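Sequences listed follow chains A and B, in order.
Going letter by letter, the first sequence gives residues 1 to 254 in UniProt numbering.
Going letter by letter, the second sequence gives residues 1 to 78 in UniProt numbering.
A virtual CB, placed ideally from N, CA and C, is assigned to each residue, including glycine.
Quick caveat: nothing in here was measured; it's all calculated off a predicted structure.
Remarks on the structure that follows.
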Amino acid sequence: MSEINSIIKPENLIYKRTEVLSDNDLSYCPGCGHGTVHKLIAEVIEEMDIQDTTIGIAPVGCSVLAYNFLEIDWQQAAHGRAPALATAVKRLMPEKNVFSYQGDGDLAAIGTAETIHACNRGENIVMIFINNGIYGMTGGQMAPTTLPGMAASTCPAGRDVSHDGEPIKISEILAQLPGTCYVTRQSVHTAANVRKTKKALRKAFENQQANKGTSLVEVVSNCNSGWKMTPIKANEWMEENMFPYYPLGDIKSE
Amino acid sequence: MAKAKGAIVVEKARCKGCGVCTTVCPTKVIELAAEVNGKGYHYAYMANPDACIGCSNCGIICPDTCITVYRAKAGATA
Chain A
1 MSEINSIIKP ENLIYKRTEV LSDNDLSYCP GCGHGTVHKL IAEVIEEMDI
51 QDTTIGIAPV GCSVLAYNFL EIDWQQAAHG RAPALATAVK RLMPEKNVFS
101 YQGDGDLAAI GTAETIHACN RGENIVMIFI NNGIYGMTGG QMAPTTLPGM
151 AASTCPAGRD VSHDGEPIKI SEILAQLPGT CYVTRQSVHT AANVRKTKKA
201 LRKAFENQQA NKGTSLVEVV SNCNSGWKMT PIKANEWMEE NMFPYYPLGD
251 IKSE
Chain B
1 MAKAKGAIVV EKARCKGCGV CTTVCPTKVI ELAAEVNGKG YHYAYMANPD
51 ACIGCSNCGI ICPDTCITVY RAKAGATA
């Protein structure tokens, strides 16, 4: 024990909670990927020293409360309208760093029009897209991104593609639009993936500062409560089932 | 050559006991406690402190960012 105490000294500190994160406890379920992505955004903001000039656009969904967790300026958009609000904020204050933070029900369902047109116009914003294949906050209903055969509260026998269609790969669609400069799909279920996601977020914010157009960072994530699994089991299930359909990596990088 | 020695400090009250840190620890240092914290979660703790190499995997993946990581250079704590 004395050895541990000799290690725990300020000069040996290599990782601590960034001060861009507020002191509030996150309202997310244990093991939820939202927390990890929040932390990565906070760390990127700290490293780029843009805390005073960053404005986040919170979505509707579990992360509607994001303004409680990051010590930056926030706006809260109506469901799916975060890219439209981000457009307005960025056009009015082009010197600010603006990002939207959205889930799959927000970005790929009710907000599809706003998403596609913001990307098509090449708005100079960062869009962060958390894809867990389900409507987490409202009780685990089927989303456009729910996998074929995957059970949800509104399709307890699993998604039937003859009835509900195939899951939408919105990032691949957005990558075809000329306005997007960077479209990537990442995850935060292992330490290596967390590091890659952080690099992707940093690149997205740098693209914005270079006026390159819209950057979209999709993070394939879990929903332990909605999937009715333990956090560890949910991450394994995600690896086995989500990644074959939503492969990780850069889809477009210019 | 001796490995670097590490140590973590878990903010017990903030931990939600998700256990994700236990899966990314390369030396199996972390386990969930039998006791619970104020929220009723089995919090993470260093069950095998001697094995910690201070890689910080647990710290960067923790969704609630409640792990602080320290690392001393090999031999510095002898």
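Euclidean distance between Cα positions of residue i and residue j
| i | j | result |
| --- | --- | --- |
| Ala34(B) | His42(B) | 6 Å |
| Ser153(A) | Thr146(A) | 11 Å |
| Ile4(A) | Ala42(A) | 29 Å |
| Val60(A) | Val69(B) | 34 Å |
| residue 273(A) | Gln141(A) | Residue numbering for chain A in the displayed model covers 1 to 254; residue 273(A) lies beyond these limits and cannot be assessed. |
| Met1(B) | Ala51(B) | At Met1(B), the pLDDT of 49 sits below 50, so the modelled position is not reliable; the number obtained from the coordinates is stated separately. Spanning the two alpha carbons is a distance of roughly 15 Å. |
| Asp23(A) | Phe69(A) | 7 Å |
| Val219(A) | Gly165(A) | 22 Å |
| Cys181(A) | Cys32(A) | 29 Å |
| Ile60(B) | Asn120(A) | 34 Å |
| Ser6(A) | Arg159(A) | 55 Å |
| Cys155(A) | Tyr28(A) | 24 Å |
| Tyr15(A) | Ser56(B) | 7 Å |
| Lys90(A) | Ser100(A) | 11 Å |
| Ala234(A) | Leu92(A) | 41 Å |
| Thr65(B) | Gly19(B) | 13 Å |
| Val37(A) | Ala151(A) | 25 Å |
| Cys62(B) | Leu32(B) | 13 Å |
| Lys228(A) | His79(A) | 25 Å |
Any chain A beta carbon closer than 8 Å to residue i
| i | result |
| --- | --- |
| Met1(B) | Reliability of the predicted coordinates at Met1(B) is poor, the pLDDT of 49 falling under 50, and the value obtained from them is presented with this limitation in mind. For Met1(B), the answer is no, since every Cβ of chain A falls outside 8 Å of its Cβ. |
| Ala72(B) | yes |
| Val36(B) | no |
| Val24(B) | yes |
| Ala7(B) | yes |
| Thr68(B) | yes |
| Val20(B) | yes |
| Asn48(B) | no |
| Ser56(B) | yes |
Cut-off 8 Å between Cβ atoms - residues of its own chain near residue i, not counting five sequence neighbours on either side
| i | result |
| --- | --- |
| Asn193(A) | Gln186, Ser187, Leu248 |
| Glu95(A) | Thr53 |
| Glu239(A) | His189 |
| Ile53(B) | Lys3, Ala4, Lys5, Gly6, Pro26, Thr27, Arg71 |
Under 7 Å from the C-beta of residue i: neighbouring residues of chain E
| i | result |
| --- | --- |
| Cys32(A) | Of the protein chains in this structure, namely A and B, none is chain E. |
Same chain only: Cβ atoms within 6 Å of residue i, ignoring 5 sequence neighbours per side
| i | result |
| --- | --- |
| Ala84(A) | Glu114 |
| Ile50(A) | Asn97 |
| Val161(A) | Pro148 |
| Leu107(A) | Thr115, Phe129 |
| Trp74(A) | Gly56, Ala58, Tyr67 |
| Glu46(A) | Thr18, Val20 |
| Ala200(A) | Thr184, Gln186, Val217 |
| Pro144(A) | Ala108, Ala109, Ile168 |
Chain-ordered neighbours of residue i on chain A, where CB pairs are closer than 9 Å
| i | result |
| --- | --- |
| Ala44(B) | Simply none; closest approach about 11 Å. |
Neighbour list for residue i in chain B, Cβ cutoff strictly below 8 Å
| i | result |
| --- | --- |
| Lys203(A) | Here the premise fails: no neighbours, minimum Cβ distance about 18 Å. |
| Pro178(A) | What Pro178(A) touches in chain B: nothing, since even the nearest Cβ is about 35 Å away. |
| residue 262(A) | Nothing can be reported for residue 262(A): it is not among the residues displayed for chain A, which extend from 1 to 254. |
According to DSSP, residues forming a beta bridge with residue i
| i | result |
| --- | --- |
| Lys252(A) | Val183(A) |
| Phe99(A) | Gly56(A), Val126(A) |
| Asp73(A) | Ile55(A) |
| Gly6(B) | Arg71(B) |
| Cys155(A) | Ala152(A) |
| residue 313(A) | No answer is possible for residue 313(A): it lies beyond the span of chain A, which begins at 1 and ends at 254. |
| Leu13(A) | Tyr70(B) |
| Gln141(A) | Tyr135(A) |
| Tyr41(B) | In DSSP, Tyr41(B) forms no bridge with anything. |
CB contact below 8 Å: residue i versus chain B
| i | result |
| --- | --- |
| Ile4(A) | yes |
| Thr190(A) | yes |
| Ile130(A) | no |
| Val219(A) | no |
| Asn12(A) | yes |
| Lys9(A) | yes |
| Arg17(A) | yes |
| Val194(A) | yes |
| Pro83(A) | no |
| Pro231(A) | yes |
| Lys39(A) | yes |
| Leu21(A) | yes |
Distance cut-off 7 Å: residue i Cβ against heavy atoms of the ligand HEM
| i | result |
| --- | --- |
| His189(A) | Although the ligand HEM was asked about, the structure shown includes no ligands whatsoever. |
Chain-ordered chain A contacts of residue i [CB-CB under 7 Å]
| i | result |
| --- | --- |
| Ile53(B) | Within chain A, no residue comes near Ile53(B); the closest Cβ sits about 11 Å away, beyond 7 Å. |
| Gly17(B) | Pro30 |
Under 7 Å by beta carbon: chain B residues contacting residue i
| i | result |
| --- | --- |
| Thr36(A) | Ile61, Pro63 |
| Lys96(A) | Here the premise fails: no neighbours, minimum Cβ distance about 25 Å. |
| Leu65(A) | Result: empty, since nearest Cβ-Cβ is about 14 Å, beyond 7 Å. |
Cut-off 7 Å between Cβ atoms - residues of its own chain near residue i, not counting five sequence neighbours on either side
| i | result |
| --- | --- |
| Gln208(A) | Asn97, Asn124, Ile125, Val126, Ser215 |
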